[in-house]
Structure formats: C-alpha cells, structure tokens
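Numbering (the working numbering), first residue to last: 10 to 83.
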C-alpha cells in the first residue's frame, strides 16, 4: 500500500525518476533530505500549509468552472 503524500507541489514540477509531478499534485519525496531541499527551493510545501491549501482550492475551482474567460479570442 502506498503511503499518503505529505507534500504538494506548489511551483513548477518535480521529477522523481521517470515520474513528473506538476504543480497542484501531491508528492512524496524519497527522503527527508530531498523534502528539505525542495521546501527550501519553494517547490513543495506541506499539505497542511496555507499556500498548499490555496493551490488545492484553486485547482478544485478550475475544474468546476466551465468557460468563465470573457476573452474567447474574438
């Protein structure tokens, strides 16, 4: 059974072997050292962090919106 992700990618993406995790997706670093380095870079944040929660809310909101963009290229 996979362990529950404790972090969220908050900027850019993280490549872990062949797997690429993009902004807004949960991420489980392979070690504490990797987690600390990515947090220091601002790439990931703990799931409970205010920034991570804001990104999760924005991601949920974007899936609920249909076409709210007033500029549809005309």
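C-beta: ideal position from N, C-alpha, C; glycine also.
Every value quoted in this text rests on a predicted model; they were computed, and no experiment measured them.
For residue i versus residue j, is the C-beta distance shorter than 8 Å?
i: residue 33; j: residue 68; result: yes
i: residue 47; j: residue 17; result: no
i: residue 14; j: residue 36; result: yes
i: residue 2; j: residue 61; result: Because the chain spans 10 through 83 in this model, residue 2 falls outside it and cannot be assessed.
Could you spell out the range, first to last residue, of the beta strand (DSSP E) harbouring residue i?
i: residue 20; result: From DSSP, residue 20 is part of no beta strand (DSSP E); its letter is neither H nor E.
Let me confirm a value: residue i is counted as buried when at least 16 other C-beta atoms fall within 10 Å, else exposed. Which label applies?
i: residue 49; result: exposed
i: residue 52; result: buried
i: residue 30; result: buried
Whole alpha helix (DSSP H) runs in the segment 35-70 with 4 or more residues, listed along the chain? 41-50
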